Amino acid sequence: MKLLNIAAAGLLLAIAGCASATTTVLEPTSVSVKSSTIAVAHGDDTVPIDPEYSAYFRTKLGEELYNEGGFAEGGGVTLRYRFLQLDEGSRAARYMLGPIAGKGSMTIEILFLDPEGVELSKIHTGGEISGGLFGGSFKSALDKAAKEAAEYAIHNFLQ
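Mature numbering (1 follows the signal peptide of the UniProt record, and there is no 0) puts the sequence shown at residues -21 to -1, 1 to 138.
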């Protein structure tokens, strides 16, 4: 049974792909604002985004923010995000030629605002996909970016 579990975990990792994410703090939090609630808003993207990816990112972000021990939905702090760059890469190239050939990437700008709309902090969260079984799914990069953004919010603003 243990061997079966290890094999299943390996298969899931291979299908999801090799994704990573990084966060760059552009404007660190300068005031101590803590809240038990957070609202999520989608700003104006600077590049065309597939509606499926946009909806998927918002869902994943909500799952990370509103889990047990996290924020409740509400208007204490607002997290407003927008896609600045998105290149899904080529899943076929990742599959056929390797991770560098078809690498996909994105950059998401995230502003944190107080209840009056005053900016508290600004970050860029970037995600990449560089491989996986059958080229990996770009959604795994969105997963990683959502997790990074939520961790920043929880660490800096959760009461």
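Even glycine gets a Cβ: it sits at the ideal position worked out from N, Cα and C.
These figures come from a predicted structure and were not determined experimentally.
With distances taken between CB atoms, is the gap from residue i to residue j smaller than 9 Å?
i	j	result
S100	S15	no
A51	S84	no
I89	L58	yes
F62	T38	no
E98	T2	no
V56	A132	yes
K82	G68	yes
G54	A129	no
D23	S33	no
Rounded to whole angstroms, what is the Cα-Cα separation between residue i and residue j?
i	j	result
F113	S(-2)	The predicted model places F113 with a pLDDT of 45, which falls under 50 and marks its position as unreliable; any figure quoted below should be read in that light. So the two alpha carbons sit approximately 18 Å from each other.
E31	A125	15 Å
G96	E47	27 Å
K123	D93	25 Å
V19	E107	23 Å
L65	S116	14 Å
V26	F91	21 Å
I28	C(-4)	22 Å
P7	H21	21 Å
For the alpha helix (DSSP H) containing residue i, name the first residue and the last one.
i	result
S119	118 to 136
G41	30 to 44
What span of residues does the beta strand (DSSP E) with residue i cover, start to end?
i	result
K13	Here K13 belongs to no beta strand (DSSP E), and DSSP marks it neither H nor E.
Y60	56 to 66
T2	-3 to 6
E88	83 to 92
E107	98 to 108
With residue i and residue j assumed to form a contact (beta carbons below 8 Å), what rounded beta-carbon distance in angstroms separates them?
i	j	result
L44	I17	6 Å
H134	L5	16 Å between Cβ atoms; not a contact.
Y35	K118	6 Å
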